[in-house]
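The next block holds one structure in the form of structure tokens; read it before the comments.
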Amino acid sequence: MRDLVRSREDAKEDLLRAKHRVLKFLQRHGIEEPAGVRPWTAKYCAWLRSLQFESTALQVTFDEYRLAIEEIEGRLKRIEDEIHRQAESSVHAPVIKALQTLRGVKEVAAVTLVAEVGYFSRFTKAPQIMSYSGIVPSEHSSGSEVRRGSITKSGNSHLRRILIECAWSYRHKAHMSEAIRKRQEGQPASVRAIAWKAQVRLCQKYRSLVSKGKSSGIAVTAVARELLGFIWAIAREVEQQHINGQHAA
Numbered sequence: 510m511r512d513l514v515r516s517r518e519d520a521k522e523d524l525l526r527a528k529h530r531v532l533k534f535l536q537r538h539g540i541e542e543p544a545g546v547r548p549w550t551a552k553y554c555a556w557l558r559s560l561q562f563e564s565t566a567l568q569v570t571f572d573e574y575r576l577a578i579e580e581i582e583g584r585l586k587r588i589e590d591e592i593h594r595q596a597e598s599s600v601h602a603p604v605i606k607a608l609q610t611l612r613g614v615k616e617v618a619a620v621t622l623v624a625e626v627g628y629f630s631r632f633t634k635a636p637q638i639m640s641y642s643g644i645v646p647s648e649h650s651s652g653s654e655v656r657r658g659s660i661t662k663s664g665n666s667h668l669r670r671i672l673i674e675c676a677w678s679y680r681h682k683a684h685m686s687e688a689i690r691k692r693q694e695g696q697p698a699s700v701r702a703i704a705w706k707a708q709v710r711l712c713q714k715y716r717s718l719v720s721k722g723k724s725s726g727i728a729v730t731a732v733a734r735e736l737l738g739f740i741w742a743i744a745r746e747v748e749q750q751h752i753n754g755q756h757a758a
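Residue numbers (the working numbering): 510 to 758.
Below, the structure is given as structure tokens:
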């Protein structure tokens with residue numbers, strides 16, 4: 510699954526670049542987007558399709574830029590459809606479903622986490638998987654003094670990226686949304702307890718860091734690091750239950 514989720518990452522980056530090309534084209538030719546219309550909504554895309562240029566060369570150029578976006582969106586949907594099929598049939602399916610009890614961790618994120626890590630039980634302690642991800646602070650020693658700097662970025666960059674993406678969901682107060690309740694249906698009480706503990710802890714941590722003057726980026730990175738610890742705890746819990754079930758059988 511690793512190549513599959515990384516192909517999605519590539520498609521997302523291609524989509525962002527394609528959208529930037531359209532925006533730069535519009536800026537170069539002095540075309541302003543309609544007031545009150547959010548970029549890349551259905552209404553915005555309909556407006557793009559309605560644009561007409563007197564020059565054939567400009568029209569063809571713009572149409573190709575716009576159609577490139579639609580092509581990438583189609584590719585992205587095909588990849589995500591396959592990710593869903595893999596999530597349902599994978600040997601890791603129980604872990605993938607359990608990870609979705611966490612706020613900010615939906616199916617694609619859960620599959621990505623599993624694809625990048627494999628079996629979480631190979632890490633005996635949370636700090637080990639944090640080091641693997643490269644989301645731990647760097648340290649600089651000077652005599653007896655140890656200073657902590659920015660994250661090392663020496664580990665798995667794909668894992669780091671999805672963790673940061675998930676961590677942004679913890680900017681607001683802890684609450685149990687209907688979507689999270691639905692994802693938690695059928696999950697063991699122990700897993701749900703870890704997920705709620707994560708929400709309370711991480712939402713509070715984000716607000717605390719920001720209130721102390723830390724930037725949102727630094728706060729989210731700190732949240733992502735601790736989130737990985739909760740992800741590891743849930744995954745190990747489910748993997749251990751699976752092992753115990755096999756022994757009982």
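For each residue, glycine too, the CB sits at the ideal point set by N, CA and C. These numbers were taken from a predicted model, which means no experiment stands behind them.
Collapsed DSSP secondary structure at Glu648 in the structure displayed: For Glu648, the predicted model reports a pLDDT of 48, less than 50, meaning its position is unreliable and no value from the coordinates is stated.
Contacts around Leu672, its chain only, beta-carbon distance under 7 Å, and the 5 residues preceding and following it disregarded: If we look at Leu672 and ignore the five residues flanking it on each side, its Cβ neighbours are Ser642, Ile644, Ala733, Leu736, Leu737.
Among Tyr574, Arg584, Glu563, the one whose alpha carbon lies nearest that of Cys554: It is Tyr574.
Buried or exposed by the 16-neighbour rule on C-beta atoms within 10 Å, applied to Leu532: By the neighbour-count rule (16 or more Cβ atoms within 10 Å), Leu532 is not buried but exposed.
Other residues of its chain near Val604: CB distance less than 7 Å, five sequence neighbours each side excluded: Taking Val604 as the centre and dropping the five residues before and after it, the same chain places the C-beta of Val623, Ala744, Val747, Glu748 closer than 7 Å to its C-beta, in chain order.
Cβ-based burial, Ala566 [other Cβ within 10 Å; buried from 16]: So Ala566 counts as exposed.
Residue span of the alpha helix (DSSP H) that contains Pro636, given as start and end: Here the alpha helix (DSSP H) through Pro636 covers 635–642.
Reduced DSSP secondary structure (H/G/I, E/B, other) of Gly726: Helix.
Between the CA atoms of Ala728 and Lys714 - distance to the nearest angstrom: Approximately 8 Å between the Cα atoms of the pair.
Option nearest Ala527 by Cα separation, candidates Ile578, Ser725, Ala551: The shortest Cα separation from Ala527 among Ile578, Ser725, Ala551 belongs to Ile578.
Reference Met510; option with closest CA among Glu597, Phe562, Val569, Leu560: Per the Cα distances, Glu597.
Separation of Ala635 from His649, as counted between CA atoms: Residue placement at His649 cannot be trusted, given a pLDDT of 44 that sits under 50; what the coordinates show is reported in the next sentence. C-alpha separation (whole angstroms): 22 Å.
Which of helix, strand or coil DSSP assigns to Tyr834: Outside the modelled stretch of the chain, which goes from 510 to 758, sits residue 834, for which no answer is possible.
Span separating the alpha-carbon of Arg701 from that of Val569: Distance between the alpha carbons of Arg701 and Val569 is about 53 Å.
Per-residue burial, Ser760 [other beta carbons within 10 Å of its own, 16 or more giving buried]: As shown, the chain starts at 510 and ends at 758. That puts residue 760 outside it, with no answer to give.
Whether Leu608 touches Ile740 by CB criterion (8 Å): Going by C-beta atoms, Leu608 is nearer than 8 Å to Ile740.
Spatial distance of Ser651 from Ser663 (CA atoms): Below a pLDDT of 50, predicted positions are generally treated as unreliable, and Ser651, at 49, falls in that range; the measurement from the model is reported next regardless. In a straight line, the C-alpha of Ser651 is about 22 Å away from that of Ser663.
Sub-8 Å separation of Val709 and Ala676 beta-carbons: Their beta carbons are not under 8 Å apart, which means Val709 does not touch Ala676 by this criterion.
Per-residue burial, Thr633 [other beta carbons within 10 Å of its own, 16 or more giving buried]: Exposed, since its Cβ has fewer than 16 Cβ neighbours within 10 Å.
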